[in-house]
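Per the UniProt record's numbering, residue 1 is the first one in the sequence shown, and the count goes up by one each step. Ideal placement from N, C-alpha and C gives every residue a C-beta, glycine not left out. What follows is a single structure, written as structure tokens, with notes after it.
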Amino acid sequence: MTASSPSTSPAATASSPSTSPAATASSPSASPASGSPNSASSSTVPAPPSASPSGLDLARTTALVIGAGASGRAAAELLVFLGARVRLYDQNPGAAVPDGVEPVLGAADVPPEAFAGVDLMVLSPGVPPERFRAAQRRFAPHARVHGEMSLSLAIAGARFGRLPTVLITGTNGKSTVTALTGALLAAGGLKPFVGGNLGVPLAAALLDLLRTGAPAPDALVLECSSFQLETLEHAATDVAMVLNITPDHLDRYPTLDDYAATKARVFTGLGAGGLALLDAGDGWTEFLRARVGAGRLVLVDDPGGARIVGPGPGDSLVLPGGDTFPRAALPIPGRHNSKNALFALLAARHLGVAADACLRGLQGFHGLPHRMTFVRERAGVRFYDDSKATNVASVLASLDGFDRPFVLIAGGRAKGDDLAPLRELLRRSGRALVAIGESADSFHGLADGVVEARRATSMAEAVEVAAALAGPGDAVVLSPACASYDWFKNYGERGDTFARLVRALPAEK
């Protein structure tokens, strides 16, 4: 199994010189503006170690951090380490506060005195900015406002110089694309930091690097939520992408346009040599295209861009310059994961990772937990845990074009999505539906007259019923289209419970 790469096509990597085969990483000396990880600091001179973000001298700075979640605590600890005086506000009177940080806890709003002398305000991702900016403008009008990610990117640039940076956002799929991009870079011999909204906050990773004196990562691969993008200031970016837009977080944003415009902030740091990626088939592509600004735009799933060639398991993934990868190299199923792979491949090739290394990265990537994760095959039936699919769009992405008939286990705490598209999905390729949770009646009614539908009052019953309904060649998929909080503490516990019960089924029916 090989990846083919035309030797005459420099377009296969965004900065590949014309004399260099596209199948190899671009030469750092030939194109320092490309953001090649091997020449991360060649295009800019690293800032001196004492440099601080936004022109602030952190040793003389008083910072107010809003929100004592993981990101807020990490930002507070990082600022203390760099010499700032830090206050941490949270409504929870019992919130954990790091050593060296002044607590401001329990009040419904930030007390005016907490703004005294504040030069820098840092907002955690879960904090609506406008709620606190009015007070900031009144009590600390000269303070700079950052989010944890924006602050961390500024500090990283000041401390380590120019680091190749990939920013990934979208309603669905961003964790998978973030992890896969990191895996492709690692397969190319690089040591990227992979995190942000996924896993470890960037502030926590920076603090660890500075405390230990460890070398800077070769690149930053960051998943960005819309909340993090609200406060993102201009941060030099090599690759920025919006995977898709579907209704989400409308309790935070007045309209879907506002939500999409916030997602488009991911492009604010792209320069002329940057790469912007969008899904050609997404309904918001034109809206987002108008907000790309600088950078070269490539469309995914587009005849003139990166595309999927072939109707079935023999599909190939083809990049604009001709690089071709067999779809079978990627172990995780679903057409949506073919598109996810195209996004990740484009990012990795732009940063100079060779095509053969990308192929190895694809082959070794088995996905993230609870995202169409294969659990077991029993009596010819394959079982998949897709518990992370907490909305209708995620279920459609996972199962539209799935390669076998399926029994769907769906339901939970409803999020207000229109369920009608699931009815058409079941009509096309569903075998049966098992409805669970608070919304079981809605899902049962959805399937009525389309496929056989059953209700289950526990996950154990759902697994037993679904296994009985499925025959050889079918799949059983937990893809709930709902939140998990009616029966479980989170989608992870829901998926783990499903997988444990599936593994406990007897070998034969």
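Residue i, buried or exposed, once every other Cβ within 10 Å from all chains shown has been counted against 16
| i | result |
| --- | --- |
| S36 | Note that S36 scores 35 on pLDDT, short of 50, meaning its location in the model is unreliable; the coordinates nonetheless yield the value given after this. Result: buried. |
| H234 | exposed |
| A328 | exposed |
| P98 | buried |
| A272 | exposed |
| H350 | buried |
| residue 511 | Outside the shown range of the chain (1 to 509) lies residue 511, about which nothing can therefore be said. |
| A14 | Annotation note: pLDDT 33 at A14 (below 50); position unreliable, coordinate value reported separately. A14 comes out buried. |
| Q136 | buried |
| E130 | exposed |
| L250 | exposed |
| A3 | buried |
| D417 | buried |
| K509 | exposed |
| P506 | exposed |
| D323 | buried |
| G473 | exposed |
| S31 | Confidence is the limiting factor: at S31 the pLDDT is only 32, short of 50, which leaves the residue's position unreliable, though a coordinate-based value still follows. Its Cβ being crowded by 16 or more others within 10 Å, S31 is buried. |
| D441 | exposed |
| D238 | buried |
| G310 | exposed |
Coil, strand or helix - residue i by DSSP
| i | result |
| --- | --- |
| A453 | strand |
| H146 | strand |
| P10 | Note that P10 scores a pLDDT of 31, beneath 50, so its modelled location is shaky and nothing firm can be said. |
| D57 | coil |
| T246 | coil |
| residue 512 | With the chain represented from 1 up to 509, any question about residue 512 goes unanswered, as that position is not in the structure. |
| D282 | coil |
| G100 | coil |
| G492 | helix |
| R296 | strand |
| S26 | Residue confidence is low: S26 scores 30 on pLDDT, short of 50, so the model does not pin down where it sits. No coordinate-derived value is stated. |
| T373 | strand |
| P49 | In this prediction, P49 has a pLDDT of 36, which is less than 50 and means its spatial position is unreliable; nothing more can be read from the coordinates. |
| L79 | helix |
| I308 | strand |
| S124 | coil |
| F365 | coil |
| G94 | coil |
| F498 | helix |
| R252 | coil |
| V118 | coil |
| A440 | helix |
| S20 | Any reading at S20 must be qualified, since the residue scores a pLDDT of 30, below 50, and its modelled position is unreliable; the value itself is stated next. Reduced to three states, the DSSP call for S20 is coil. |
| A504 | coil |
| R211 | helix |
| F139 | helix |
Integer Cβ distance of residue i from residue j, believed to fall under 8 Å
| i | j | result |
| --- | --- | --- |
| K191 | D218 | 5 Å |
| F406 | A475 | 4 Å |
| L342 | L362 | With a Cβ gap of about 11 Å, L342 and L362 do not count as contacting. |
| A236 | F160 | No, A236 and F160 are not in contact; Cβ-Cβ is about 12 Å, not under 8 Å. |
| G147 | E230 | 7 Å |
| A114 | R87 | 6 Å |
| L78 | I155 | 7 Å |
| I436 | G412 | 7 Å |
| V242 | L288 | 5 Å |
Cβ-Cβ distance between residue i and residue j below 8 Å
| i | j | result |
| --- | --- | --- |
| P125 | G106 | no |
| S394 | N197 | no |
| A466 | E438 | no |
| A96 | A76 | no |
| D109 | A143 | no |
| A453 | H444 | yes |
| G195 | L153 | no |
| G367 | I332 | yes |
| A240 | V266 | yes |
| L278 | L256 | no |
| I409 | A447 | no |
| A187 | A357 | yes |
| L82 | V122 | no |
| I308 | D302 | no |
| L185 | A355 | no |
| P320 | A306 | yes |
| A205 | V375 | no |
| L270 | A264 | no |
| V392 | L419 | yes |
Residue i CB to nearest heavy atom of the ligand SAH below 7 Å
| i | result |
| --- | --- |
| A158 | No copy of the ligand SAH appears in this structure; indeed no ligand is present at all. |
TODO: Please confirm if the region 332–349 is in contact with the region 179–189, defined as three or more CB-CB distances below 8 Å between the two stretches.
DONE: With contact defined as three or more Cβ pairs closer than 8 Å, the region 332–349 and the region 179–189 are in contact.
- [ ] Decide if the region 483–495 is in contact with the region 378–388; the criterion is three or more beta carbon pairs, one per stretch, under 8 Å apart.
- [x] The answer is yes - the region 378–388 touches the region 483–495, with three or more Cβ pairs under 8 Å.
Task: Cβ contact check for the region 462–476 and the region 374–384: 3 or more pairs under 8 Å - done: The region 462–476 makes contact with the region 374–384: 3 or more CB pairs, one atom from each, lie closer than 8 Å.
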